[in-house]
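With the first letter of the sequence shown counted as 1, position 353 gets the number 353 in UniProt numbering; the numbers rise by one all the way through.
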Amino acid sequence: MISYLRRVFVESWLGRVTAIVIFLAFVGWGIGDVMGYMGEETDVVAKVGQQQVSADDLATALQSELPTIARQMGVTDPSQIPLAMQRQVAYQILHRLIGQAELLNTAQKLKVAVPDSAVRDEVFSLPYFKGANGQFDRASFNQKLRDRGLTEQRFLDMVRNDLTTRTILQPLAQAGSVSDTMLQRFLTYGAKTRVVDFVSIPFDAQPTPKAPDDAVLQRYYNNHPWMFRTPELRHAKIVVLSPQTVADSITLDEADIKRIYDEQKSRYNVPETRDIQLITLQNQAQATAIANAWKVGGNWQAIQNSAKDAAAVEMPNARPSTIPSATLRQAVFQAPEGQVSDPLKTEGGWAVFRVTKITAPHTTPYEDAKKDILSQYRAAVAPSVAGERKRKLQDALAGKGLDAIPADLGAVAAAGTLDAQGLTADKEPAPLPASGKLREAIIHQIFTQKPGARATLVDGPDNSSFAVEVDTATPAAPRTFEQAHADVLAAWQAEARKHAANEQATNLYLAAKNKQALAATNAPGTQMTRDAAFSYAKPNKNIPDALMDYLPRMQPGQAVMAEDDGHFLVAVVTKLFVPNPPAPADGVQRLKDSLAQADSDDLVASYVEALSKRTPPHINERAVMATLSAAGFGGAATP
Numbered sequence: 001m002i003s004y005l006r007r008v009f010v011e012s013w014l015g016r017v018t019a020i021v022i023f024l025a026f027v028g029w030g031i032g033d034v035m036g037y038m039g040e041e042t043d044v045v046a047k048v049g050q051q052q053v054s055a056d057d058l059a060t061a062l063q064s065e066l067p068t069i070a071r072q073m074g075v076t077d078p079s080q081i082p083l084a085m086q087r088q089v090a091y092q093i094l095h096r097l098i099g100q101a102e103l104l105n106t107a108q109k110l111k112v113a114v115p116d117s118a119v120r121d122e123v124f125s126l127p128y129f130k131g132a133n134g135q136f137d138r139a140s141f142n143q144k145l146r147d148r149g150l151t152e153q154r155f156l157d158m159v160r161n162d163l164t165t166r167t168i169l170q171p172l173a174q175a176g177s178v179s180d181t182m183l184q185r186f187l188t189y190g191a192k193t194r195v196v197d198f199v200s201i202p203f204d205a206q207p208t209p210k211a212p213d214d215a216v217l218q219r220y221y222n223n224h225p226w227m228f229r230t231p232e233l234r235h236a237k238i239v240v241l242s243p244q245t246v247a248d249s250i251t252l253d254e255a256d257i258k259r260i261y262d263e264q265k266s267r268y269n270v271p272e273t274r275d276i277q278l279i280t281l282q283n284q285a286q287a288t289a290i291a292n293a294w295k296v297g298g299n300w301q302a303i304q305n306s307a308k309d310a311a312a313v314e315m316p317n318a319r320p321s322t323i324p325s326a327t328l329r330q331a332v333f334q335a336p337e338g339q340v341s342d343p344l345k346t347e348g349g350w351a352v353f354r355v356t357k358i359t360a361p362h363t364t365p366y367e368d369a370k371k372d373i374l375s376q377y378r379a380a381v382a383p384s385v386a387g388e389r390k391r392k393l394q395d396a397l398a399g400k401g402l403d404a405i406p407a408d409l410g411a412v413a414a415a416g417t418l419d420a421q422g423l424t425a426d427k428e429p430a431p432l433p434a435s436g437k438l439r440e441a442i443i444h445q446i447f448t449q450k451p452g453a454r455a456t457l458v459d460g461p462d463n464s465s466f467a468v469e470v471d472t473a474t475p476a477a478p479r480t481f482e483q484a485h486a487d488v489l490a491a492w493q494a495e496a497r498k499h500a501a502n503e504q505a506t507n508l509y510l511a512a513k514n515k516q517a518l519a520a521t522n523a524p525g526t527q528m529t530r531d532a533a534f535s536y537a538k539p540n541k542n543i544p545d546a547l548m549d550y551l552p553r554m555q556p557g558q559a560v561m562a563e564d565d566g567h568f569l570v571a572v573v574t575k576l577f578v579p580n581p582p583a584p585a586d587g588v589q590r591l592k593d594s595l596a597q598a599d600s601d602d603l604v605a606s607y608v609e610a611l612s613k614r615t616p617p618h619i620n621e622r623a624v625m626a627t628l629s630a631a632g633f634g635g636a637a638t639p
């Protein structure tokens, strides 16, 4: 529950309050216990205290979010989403709206009010509504609201609700902290370092034994018959239609690229942001004392410890819109970097702050962003395009088979001979127009489909489709001892080299186990590594993975023997210690920030969950059913 809420509430809201969020998935959060029945009215789907979630709110959210969800599922229309999934998505959206109502209801009880000036400043700061001169453009504002079927008042209410919920949640999020004891435990755990000596003994480096007489080889041949067969080979024709094959054929008008660029100005036109350390206090005397001490010492940790009755927070990458106080906002964005401010009187008390980092605004010109926009557009729509073209490919196969595939579908064809491992007769990977699971599915189809059977379209993984036509099949057959003589000799010698390496490694391991140290060796091809250190915080890529399955649990003096692809490995842990200090100062600070953020996430999630228990939402099932049915969700079904 906590992990789910953290993902829904914090990661998708506090860190990403943008115009796109407001338009496409405006902060609707929460879970809450769903109970009760509200009567016969159908224009309100849920109530939380004095707050209501209207049927229009739910319908608008469905209309805004379902096309995106459909594209992510690889279908072109929300109606193509399975009914069970439709209703699951619809109720998830409803629960988010109920969660927002929980927060607004709490804000009403706490008498939290957002002034019109704050709403105006927020709207004016959104890049989405700015013109060519970088300033708020009324014509652009009106046009974009019309495009989305929003009235100005409704949009302003949405912004006001956004600011209200932000006012409620942001102080909680900023209250997250981590104790020195917990921080030290994490640091010690991550920094605990083991030093290892290990040796690698490759099979192939061992001397090749002389060829034995044929009686020995004949016995090896008889004991390993599966090793000396010709594999089944099949010649097949293949056609593949996937998001990857169709992507390059997808085009986008220049006007649409420009529109996307304009709509994503918050991404391509990043304003100045500042990292802030902020302490708020109740009276001027305290603020003056903190400011003086901070200016002399300059240590943020020490100042936090001394300011016991104050609220101390860090705000990385803060934008003007994230600072609710107009006085503080103006002072912060005019302050020089690194300088502790004088006490500042704000609407909520006294504040002392320091700007630790200033990130200059960054603008990506349209011409530079075009290729990126087209690439992302292709990646986003390729699954749905592949789905749309699937029927055309199916029709083409039903008509003239694999010999008449339209060139404009973006399908890729290939033909050749391969075995069940996807190798050609020359033991090279067959050049199939697919990789990963799709390649495996195609090879599986080739070796399960009857030769001569008509090609039919098969659904592959990740929105792909393919068809196979097997022309001929050459069955597997055993090779005689004479035919396989050279391979039998090579396999026998490889087995002997592996056995020799195993003996050497075993002797080293037994000696290391007794002496608690790894002795030097002159074995052919042996690679000895001394004093290889690793910890959870600093993994060592030079230590083989086969050893890392054991080493993190071993104590000094313990030995281990392992095998990986083509080598035997022997290792001994020689030392175990915690560095002093356990990590660089910047690493400690990053860990502290990460733990504090996790604590903030849990505070927010726990608070919203508590609200839903204190004021349980009441859902009007009749109104919900009517709204879902009107949206094409089959409202008569049971959720």
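Here a beta-carbon is modelled for each residue, glycine too, at the ideal position from N, C-alpha and C. These figures come from a predicted structure and were not determined experimentally.
To the nearest angstrom, how far is the alpha carbon of residue i from that of residue j?
i    : j    : result
I260 : S125 : 19 Å
L24  : R329 : Unreliable placement is indicated for L24, whose pLDDT of 31 sits below 50; no coordinate value is reported for it.
I22  : V123 : Any reading at I22 must be qualified, since the residue scores a pLDDT of 32, below 50, and its modelled position is unreliable; the value itself is stated next. So the alpha carbons of these two residues sit roughly 11 Å apart.
A269 : V412 : Residue 269 is actually Asn in this sequence, not Ala. Their Cα atoms are separated by approximately 39 Å.
V246 : D395 : 17 Å
G349 : T280 : 7 Å
G298 : A331 : 20 Å
M85  : A407 : 35 Å
I443 : A379 : 26 Å
A382 : A630 : 30 Å
Y189 : A289 : 38 Å
L409 : E65  : 29 Å
N161 : L104 : 7 Å
A398 : A453 : 13 Å
A70  : P544 : 43 Å
M315 : A118 : 20 Å
V355 : G338 : 6 Å
K371 : D116 : 40 Å
Does the distance from the CB of residue i to the CB of residue j come in under 8 Å?
i    : j    : result
T273 : A326 : no
A293 : Q304 : no
V48  : E102 : yes
D57  : L97  : yes
I405 : V239 : yes
Q266 : P127 : One point to set straight first is that residue 266 is Ser, not Gln, in the sequence displayed. Yes, the Cβ-Cβ distance between S266 and P127 is below 8 Å.
A61  : N620 : no
Q206 : P524 : yes
A430 : L423 : yes
Q277 : W300 : yes
A291 : P343 : yes
T474 : E232 : yes
A559 : K513 : yes
Kindly indicate which residue of the options has the alpha-carbon position closest to the one of residue i.
i    : options                   : result
K237 : F481, T359, G416 and D487 : G416
D309 : P271, V488 and N283       : N283
F333 : N142, A302, D275 and G348 : D275
S384 : P524, S465 and K400       : S465
E347 : G399, V114 and K130       : V114
V608 : T60, H95 and A70          : H95
E469 : P581, G460 and L402       : L402
F534 : A453, R553 and P343       : R553
E254 : P316, K144, L374 and L278 : L374
A414 : H235, G525, A494 and P320 : H235
S140 : V178, K130, A46 and M625  : K130
Q51  : M625, P617 and L628       : P617
Specify the secondary structure class of residue i as computed by DSSP and reduced to three states.
i    : result
S435 : coil
K258 : helix
G298 : coil
E469 : strand
K370 : helix
Y37  : The predicted model places Y37 with a pLDDT of 36, which falls under 50 and marks its position as unreliable, so this point remains unresolved.
I276 : strand
L126 : coil
F26  : Because the pLDDT of F26 is 31, which lies under 50, any placement of that residue in the model is unreliable, and the number read from its coordinates should be weighed accordingly. In the structure shown, F26 sits in coil (DSSP, three-state: anything other than H, G, I, E or B).
S200 : strand
F577 : strand
Say whether chain D places a C-beta atom closer than 8 Å to the C-beta of residue i.
i    : result
E122 : This model lacks chain D altogether; it includes just one protein chain.
Hey, is the stretch 526–539 in contact with the stretch 190–201, meaning 3+ C-beta pairs nearer than 8 Å?
Judged by Cβ distances under 8 Å, the stretch 526–539 makes contact with the stretch 190–201, as three or more pairs qualify.
Can at least three beta-carbon pairs, one atom from the stretch 577–594 and one from the stretch 560–569, be found at a separation below 8 Å?
Because the criterion of three Cβ pairs below 8 Å is not met, the stretch 577–594 and the stretch 560–569 do not touch.
Given 8 Å as the limit, is there contact between the stretch 173–184 and the stretch 498–513, that is, 3 or more CB pairs closer than that?
Flag = no, the stretch 173–184 and the stretch 498–513 do not touch.
Taking 8 Å as the cut-off, does the stretch 223–233 touch the stretch 364–375 (at least 3 CB pairs, one atom from each stretch)?
no
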